[in-house]
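This report concerns only the one structure given below.
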Amino acid sequence: MLQVYNTLSRKKEPFKPLHEGEVRMYVCGPTVYDSAHLGHARSIVAFDVIRRYLEYKGYDMRFIQNFTDIDDKMINRAQEQNTTTTKLAAKYIQEYFEDFDKLHVKRATAYPKATEHIQEMIAHINKLITKGFAYEANGSVYFRVSRFKQYGRLSRRDQGEEMPFEQEDQDAGVIEEKEHPEDFALWKVMKPGEPSWDSPWGKGRPGWHIECSVMSTKYLGDPIDVHGGGLDLVFPHHENEIAQSEALSGQPFVRYWMHNGFLTVNREKMSKSLGNFFTIQEITAKYDPEIVRLFLVSSHYRSPIDFSDAQLEEAKARLARIHNSIDLIQRRLREARVEEAKNPRKPSEADTKMWEALSTFEHEFESAMDDDFNTPEALASLNKFLTTLNTMVVGNQSVTAGTLEKTFISLDAVGEVLGLYRERMASGAADDRTVDGLVKMLIRIRDQARKQKDFKTADQVRNQLKDLGIILEDEKTGTVWKWG
RNA sequence: GCCGAGGUGGCGGAGUGGCCACGCGACAGCCUGCAGAGCUGUUCUAUAUGGGUUCAAAUCCCAUCCUCGGCUCCA
Numbered sequence: 011m012l013q014v015y016n017t018l019s020r021k022k023e024p025f026k027p028l029h030e031g032e033v034r035m036y037v038c039g040p041t042v043y044d045s046a047h048l049g050h051a052r053s054i055v056a057f058d059v060i061r062r063y064l065e066y067k068g069y070d071m072r073f074i075q076n077f078t079d080i081d082d083k084m085i086n087r088a089q090e091q092n093t094t095t096t097k098l099a100a101k102y103i104q105e106y107f108e109d110f111d112k113l114h115v116k117r118a119t120a121y122p123k124a125t126e127h128i129q130e131m132i133a134h135i136n137k138l139i140t141k142g143f144a145y146e147a148n149g150s151v152y153f154r155v156s157r158f159k160q161y162g163r164l165s166r167r168d169q170g171e172e173m174p175f176e177q178e179d180q181d182a183g184v185i186e187e188k189e190h191p192e193d194f195a196l197w198k199v200m201k202p203g204e205p206s207w208d209s210p211w212g213k214g215r216p217g218w219h220i221e222c223s224v225m226s227t228k229y230l231g232d233p234i235d236v237h238g239g240g241l242d243l244v245f246p247h248h249e250n251e252i253a254q255s256e257a258l259s260g261q262p263f264v265r266y267w268m269h270n271g272f273l274t275v276n277r278e279k280m281s282k283s284l285g286n287f288f289t290i291q292e293i294t295a296k297y298d299p300e301i302v303r304l305f306l307v308s309s310h311y312r313s314p315i316d317f318s319d320a321q322l323e324e325a326k327a328r329l330a331r332i333h334n335s336i337d338l339i340q341r342r343l344r345e346a347r348v349e350e351a352k353n354p355r356k357p358s359e360a361d362t363k364m365w366e367a368l369s370t371f372e373h374e375f376e377s378a379m380d381d382d383f384n385t386p387e388a389l390a391s392l393n394k395f396l397t398t399l400n401t402m403v404v405g406n407q408s409v410t411a412g413t414l415e416k417t418f419i420s421l422d423a424v425g426e427v428l429g430l431y432r433e434r435m436a437s438g439a440a441d442d443r444t445v446d447g448l449v450k451m452l453i454r455i456r457d458q459a460r461k462q463k464d465f466k467t468a469d470q471v472r473n474q475l476k477d478l479g480i481i482l483e484d485e486k487t488g489t490v491w492k493w494g
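Each residue of the first sequence is one higher than the last, beginning at 11 in the numbering used here.
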């Protein structure tokens, strides 16, 4: 039974979606004013794995992720670059997809943008005003926090709590026109030169929080099963979403609130304001995206991960181990098929052992993932299984092709959930036949040299092939080759 | 100030009462003409500190110290 940690209750809860067999999930996406950095990847990959595991469990996913394409940062950046917010958004949305395709993040069902839902937001705000949950002041509209009793429930804050510091980012005018300092903007009056939309309160633009309430409900209904995002969104963003949505609906907006932990650099949060961020493009130029992904899923999604080159080097070594095992099983499978075409075989004791290991692996993998998507433990189960697999497959070849095929299918399913190593599994099958034939011919020549103790020639063959990107490895049962 | 998360071996990182993570690194052995891969073992009497509960604690309780995060745009 899948257990999910719910930020609202601060507990793991059994997961039961509202609609049988279907999960509706919304994740807060980025504001598209700049390149995505590794901190974004942390969040996006975490929810990608969650999504993939829910699919593994057989649920149909309706998964929405928004792009915030209008806010202060968008406006400022567009002005700096002498462009429009629309162009700016288009540029970074395109880049976003390039980055996350590389990281093997599956596409969401849809990626709605704030600017495409202005009318719905206005309608929502209007209803809030009618019901007394919001008020207009000088062309802006604010949510009246004091009217919403449960405010602060998600972030565990008391209403009216005093802040020990000044809220300097807001104009004196804004502070003055609000009934209470904690009231937040639903609609912001237009300032000169800013993009704006017509509304019953004059020209302006939506506040940040309202888009998620409106788009979530539009695409997924109310309530939804899962709403996710980074830990830093708990307050004020998600708290405000709850207020805006539940004030109208009178029922819980979200059934499971899920938040991922931060990615840190030298144990400090990676963020633009600290200037300690690395973009996904920078990292993937240096490390294969699959290594980056393995690094990201190597700790639990709620834990902090500290980023460093040493960490990525470790992930690289760990990925190599996984790739080696996959190469191994692929080769053995090919061989076993050829052999068994000539001499059909029945499963032996070795096969029984493999089936047992396989069933243990599947069971351990699922219990790990059922426990609030515990990917490090899931990877541990994979590692354990790979050790058994390596021992069996390197040690003897008595396992039948059928067993190897079963193994392959299981590994593939797990790889699909984690978003790892599936390309490696696919690539082996597509080895070029001519190359394979040529390399095998050279292996036979080298074998003759080795038998005659002519190691000079043997090494020459191996070294020259290595220069061409082909690695020869001598195994008990003969020499095999792979792309280096 | 208020709220929250956490301190596990050389490193990363799981684990909510008894057994065991898992990996990376290092070293050794097996295999090998050599190399690689793989396997085995060692590093490993690891669980911030001090008390307490218990037959038994990384895990429960109390206290202390330390780190990080949120409270302001943030994944």
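Quick reminder that beta carbons are idealized off the backbone N, C-alpha and C, glycines included.
Listed in chain order, the non-local C-beta contacts of K486 below 8 Å within the same chain comprise V404, local neighbours out to five positions each way being set aside. V115 sits in coil when the DSSP states are folded into three classes, being neither helix nor strand. Between I332 and L230, the C-beta gap is not smaller than 9 Å, which leaves the two residues out of contact. When secondary structure is reduced to three states using DSSP, K67 falls in the coil class, being assigned neither helix nor strand. Residues of the same chain with a CB within less than 7 Å of the CB of S358, apart from the 5 flanking positions on each side, are S408 in chain order.
Straight across, the Cα-Cα distance linking Q75 with E324 is about 31 Å.
Under the three-state reduction of DSSP output, N270 falls in the strand class. Counting only the Cα atoms, S209 lies some 10 Å from N136. Residue environment: G68 is assigned as exposed (fewer than 16 neighbouring CB atoms within 10 Å of its CB, all protein chains considered). Rounded to whole angstroms, T410 and K356 show a C-alpha spacing of 7 Å. With a beta-carbon spacing of about 6 Å, V302 and I293 fall inside the 8 Å limit used to define contacts.
Between F287 and G39, the C-beta spacing is not below 9 Å.
Burial is judged here by how many other beta carbons sit within 10 angstroms of a residue's own beta carbon; A257 has at least 16 and is buried. For Q261, there is no enclosing beta strand (DSSP E), as DSSP marks it with neither H nor E.
Rounded to the nearest whole angstrom, the C-alpha separation of L273 and N353 is 54 Å. Under DSSP, F287 shares a beta bridge with no residue. The C-alpha of F375 lies about 9 Å from the C-alpha of N384.
With fewer than 16 other Cβ atoms inside 10 Å of its own Cβ, A295 counts as exposed. Beta-bridge partners of M35 (DSSP): F73, V236. For P216, the uninterrupted beta strand (DSSP E) segment begins and ends at 214-216. The alpha-carbon of E366 is positioned some 11 Å away from that of T413.
Under the three-state reduction of DSSP, I132 is assigned to helix. The region 259-272 makes contact with the region 234-242: 3 or more CB pairs, one atom from each, lie closer than 8 Å. Taking a 10 Å sphere around the C-beta of F107, we find fewer than 16 other C-beta atoms and assign the residue as exposed. For R72, same chain residues with a beta-carbon under 8 Å away, outside a window of 5 residues either side, are E32, V33, R34, M35, T119, Y229, L230 in chain order. Distances from the alpha-carbon of Q160 to those of A436, L241, L18, T41 put L18 closest. In this structure, the beta-carbon distance from E204 to I103 does not fall below 9 Å. Counting the other Cβ atoms within 10 Å of the Cβ of N92 gives fewer than 16, which makes it exposed. Here R342 carries a helix assignment [DSSP, helix/strand/coil]. Following the DSSP letters along the chain, one finds F194 inside the beta strand (DSSP E) bounded by residues 194-199. Distance check between S226 and each of P122, V244, S308, S156 places P122 closest, using alpha-carbon atoms only.
In the DSSP annotation of this structure, the continuous segment of the beta strand (DSSP E) that includes V14 starts and ends at 13-16. Burial check for F465: the Cβ neighbour count within 10 Å stays below 16, so the residue is exposed. In this structure, A51 places its C-beta atom within 9 Å of the C-beta atom of L113. Taking one beta carbon from each stretch, the region 184-191 and the region 146-154 have 3 or more pairs nearer than 8 Å; the two touch. L399 has its alpha-carbon roughly 11 Å from the corresponding atom of N334.
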